[in-house]
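Here is the structure we will look at.
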Amino acid sequence: MSKSKSNSRVSRGPPKLSEDFGIRLLEKELELEKDWSIEIINQLVLMYTEIIEYYEYYKDPRYLDFQDRMHKMLVKPQAITTMREESSSPSKRQDLSKSPSPTRERQLGLKKSPSPVRERTPEAETKKEINIVHKTHIQYAIKEEEDSGSEAENESESSKINPEEENQNIEISITIMPDTEPAKSTQRRHTFSTPQPKRFENSIEQRKKESERNKSYLSAQLNQALAEPSYKLSKNLERIIHLHQTNAKVIAQKCSSDFKSQDSDLNHRLKSRKKAMLDKSTRDTSIYDSPLNKSCIDVLPNENSPPEFSLLNPMSEVNLSFNPSCEDSKHIDNLEIQLEDLMEKSFSEKASKINEIKLNYEVQIKELEGQGGFMNLIVDQMKENMKKEIQDVSKEMDTQRKEKINLLKKSFMM
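With full-length UniProt numbering applied, the sequence shown covers 1 to 414.
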């Protein structure tokens with residue numbers, strides 16, 4: 001029997017998932033958020049087992065994520081309550097009562113059939129892990145109920161338990177199916193005592209007393225703080241205000257001195273720049289007017305020399321004298337202002353165009369990113385195109401700026 005089952009498992013081949021499995025899983029999770037029923041929980045557990053077996057078969061570490069996901073789903077309080085209600089329902093009790101206990105089996109002389117030995121497979125191991133999760137989940141719920149019952153009993157030590165309360169105890173039988181042998185079933189019976197409203201009266205009164213004590217303590221502290229003499233408070237306030245005023249005055253003086261030093265430095269730089277430009281212009285004119293530039297023909301004319309080389313010829317005279325004045329300095333200042341405006345405008349236009357190109361490409365890249373496959377190649381090509389367009393725009397703007405600067409210089413040289 002065991003050999004035939006193992007052969008059927010081997011011949012079945014690797015596990016497969018349908019194309020719409022992920023969508024169905026998400027829909028089932030959304031249904032569970034709306035309605036925490038035992039049917040939906042069981043369906044979700046089966047779907048989680050399928051995907052865990054699939055990823056574990058191909059040695060994909062994503063099966064650990066799905067195990068964690070299933071564990072979180074089972075540990076939620078809604079799942080605990082639904083499973084508790086299902087286990088405590090009368091129909092379940094009847095089904096469990098019909099199954100004979102181990103002692104009853106001994107009395108009747110029933111013999112257990114030997115369980116077939118199964119081989120270990122990755123599917124069986126995953127089922128074992130899932131059953132362990134179920135067991136831990138149920139034990140956690142039982143432990144919570146036992147803790148709540150023990151707290152209620154400690155609070156009502158003085159009060160005696162009536163026989164009516166003893167009759168109100170509920171017996172819950174939980175059947176845990178092991179992973180390897182589905183024929184066997186171990187039954188665990190736990191009794192949970194339902195807390196009565198009388199038991200909570202003492203705890204509510206204690207909480208009220210504690211809150212009243214805290215209120216009285218806080219009010220006493222507030223009265224003590226307000227009972228201090230007013231002159232102490234006024235002195236402290238005056239001291240704090242005086243400190244803030246002195247600090248503000250010191251900071252204001254430092255700021256004013258810094259601004260003054262910055263203004264003086266700027267004025268000094270502008271004056272030195274203008275002086276350097278004027279010195280340069282005067283130096284150029286002095287070179288033209290120096291006697292080294294005069295040729296021997298102009299200095300020592302000859303009677304036999306042609307008329308074009310004589311000093312008396314008006315065509316040979318060249319006026320190269322240049323005397324800078326206040327008007328020339330104003331002219332230079334205007335040129336500087338216009339150059340600064342031109343540079344600012346060109347750089348702002350360049351930055352705005354580059355930003356437009358980046359925005360247009362980034363919007364399209366974000367839409368196509370993360371899809372994988374052929375879309376990644378398209379995204380890389382779009383990034384290269386964006387870089388090329390930015391380079392072309394920057395080159396074009398640089399050439400336009402240079403042309404405008406040359407035109408401006410020519411207009412001032414005329």
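Yeah, the Cβ is synthetic: ideal placement off N, Cα and C, and Gly gets one too. None of these values were measured; they are calculated from a predicted model.
Where does residue i fall in DSSP's three states?
i, result
"residue 416", "Since the first and last residues shown for the chain are 1 and 414, residue 416 lies out of range."
"Pro-16", "The question names Pro, but residue 16 is Lys in the sequence shown. DSSP places Lys-16 in coil when its eight states are reduced to three."
"Lys-366", "helix"
"Gly-22", "helix"
"Ile-390", "helix"
"Ser-88", "coil"
"Gln-187", "Confidence in Gln-187 is poor, its pLDDT being 41 and thus under 50, which makes the residue's placement too unreliable to answer from."
"Lys-409", "helix"
"Asp-263", "helix"
"Asp-68", "helix"
"Asp-35", "coil"
"Gln-78", "helix"
"Gln-400", "helix"
"Met-371", "Reading off the sequence, residue 371 comes out as Gln, not Met. Here Gln-371 sits in coil by DSSP."
"Thr-103", "Here the model assigns Thr-103 a pLDDT of 46, short of 50, so the residue's position is not dependable and the matter cannot be decided."
"Lys-395", "helix"
Assuming residue i and residue j make a contact with CB atoms under 8 Å, what is their CB distance in whole Å?
i, j, result
"Ile-405", "Leu-359", "Actually they do not touch by this definition, with Cβ atoms about 30 Å apart."
"residue 415", "Leu-26", "This structure does not reach residue 415, given that the chain is present from 1 up to 414, and the question cannot be answered."
"Leu-335", "Phe-412", "5 Å"
Here's a check: name, in chain order, each residue in its chain whose Cβ is nearer than 8 Å to the Cβ of residue i, leaving out the five neighbours to either side.
i, result
"Lys-28", "Ile-40, Gln-43, Leu-44, Met-47"
"Gly-109", "For Gly-109, the pLDDT reaches just 42, beneath the cut-off of 50, and the residue's location in the model is therefore unreliable, although a value from the coordinates is still provided. Once the five neighbours on either side are set aside, Gly-109 has no close Cβ partner at all."
"Arg-62", "Tyr-55"
"Gly-13", "none"
"Asp-279", "none"
"Thr-81", "Trp-36"
"Asn-304", "With a pLDDT of 48 at Asn-304, under the threshold of 50, the modelled position of this residue cannot be trusted, and the question is left open."
"Leu-32", "Ile-40, Ile-41, Leu-44, Met-73"
"Met-386", "Ile-357, Lys-358, Tyr-361"
Are residue i and residue j close, meaning C-beta to C-beta below 8 Å?
i, j, result
"Glu-396", "Ile-357", "no"
"Val-379", "Ile-354", "no"
"Trp-36", "Gln-78", "yes"
"Gln-364", "Met-382", "yes"
"Leu-342", "Leu-408", "yes"
"Ser-346", "Gln-391", "no"
"Met-277", "Ile-332", "yes"
"Ile-38", "Met-83", "yes"
Using a Cβ-Cβ cutoff of less than 6 Å, which residues in the same chain neighbour residue i once the five nearest sequence positions on both sides are dropped?
i, result
"Lys-350", "Met-397"
"Pro-15", "Glu-53, Tyr-54, Tyr-57"
"His-244", "none"
"Lys-34", "none"
Leaving out five residues before and five after residue i in sequence, what residues of the same chain have Cβ atoms less than 7 Å from its Cβ?
i, result
"Asp-65", "none"
"Glu-369", "Val-379"
For a cutoff of 8 Å on Cβ pairs, would you count residue i as touching chain C?
i, result
"Ile-337", "Absent from the structure is chain C; it holds one protein chain and no more."
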